[in-house]
Amino acid sequence: YTSAQGRDPEADTEGLLDLWKRSAEEMLEAKRRYEERVCIVRFDELIRDTPGTMRDLADFLEIDFSEQLTAPTFNGYPVGPNSSYDVQSTGVVTDPVERYKELLSTEKRALIRTECEQLHQDVLELAERPARTN
Numbered sequence: 006y007t008s009a010q011g012r013d014p015e016a017d018t019e020g021l022l023d024l025w026k027r028s029a030e031e032m033l034e035a036k037r038r039y040e041e042r043v044c045i046v047r048f049d050e051l052i053r054d055t056p057g058t059m060r061d062l063a064d065f066l067e068i069d070f071s072e073q074l075t076a077p078t079f080n081g082y083p084v085g086p087n088s089s090y091d092v093q094s095t096g097v098v099t100d101p102v103e104r105y106k107e108l109l110s111t112e113k114r115a116l117i118r119t120e121c122e123q124l125h126q127d128v129l130e131l132a133e134r135p136a137r138t139n
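Residue numbers (this note's numbering): 6 to 139.
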């Protein structure tokens, strides 16, 4: 929500929540339809444990893990995050995981929780990290 709001500060809450819900519902539908061909990755785990998450994703994709997978690049060159907020560094940035605490009021967080909590939990259940095979 905070990322979408950062891209369009004038967007209304209902519209942003509808976009998030649509995205979450599409993840659930893709997982239902294509089961083992879909891997849902938790954003917070990708940010907080990039190497571990990328190892799991490489295993899922049946590709060799490389340290290069742990840093954002474009054609092999380090890049910064694709963020709606001003970020001056390259590599993985952990700020987005906790940014909502600074930017969203208690009331806004409660509204988001009311509107999205069950759908969020449904998606998180499908985002369990598989046990590594190696």
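Beta carbons are placed, not taken as given, at the ideal position from N, Cα and C, and that holds for glycine.
Computed from a predicted model, the values in this text were never measured in an experiment.
query	result
Beta carbon of cysteine 121, beta carbon of lysine 36: below 8 Å?	no
Take alanine 140 and list the residues in its own chain whose beta-carbon comes closer than 6 Å to its own, dropping the five residues that flank it on each side.	This structure cannot speak to residue 140, because the chain is shown only from 6 to 139.
For proline 77, which residues of its own chain have a beta-carbon under 6 Å away from its beta-carbon, when the five flanking residues on both sides are left out?	Val84
Roughly how far, in whole angstroms, is the beta-carbon of leucine 124 from the beta-carbon of isoleucine 45, given that I think they are within contact range, below 8 Å?	Actually they do not touch by this definition, with Cβ atoms about 13 Å apart.
Taking 8 Å as the threshold (C-beta atoms), are threonine 58 and glutamate 67 in contact?	no
Taking the CB atoms as reference points, tell me whether glutamate 109 and arginine 47 lie closer together than 8 Å.	Here residue 109 turns out to be leucine, not glutamate, going by the sequence shown. No, Cβ-Cβ distance for leucine 109 and arginine 47 is not below 8 Å.
In the DSSP assignment, what are the bridge partners of threonine 78?	Pro83
Near isoleucine 117, which residues of its chain fall below 8 Å by C-beta distance, leaving aside the five closest residues on each side in sequence?	Tyr6, Leu22 and Leu109
Where does valine 43 sit, in a helix, a strand or coil, going by DSSP?	coil
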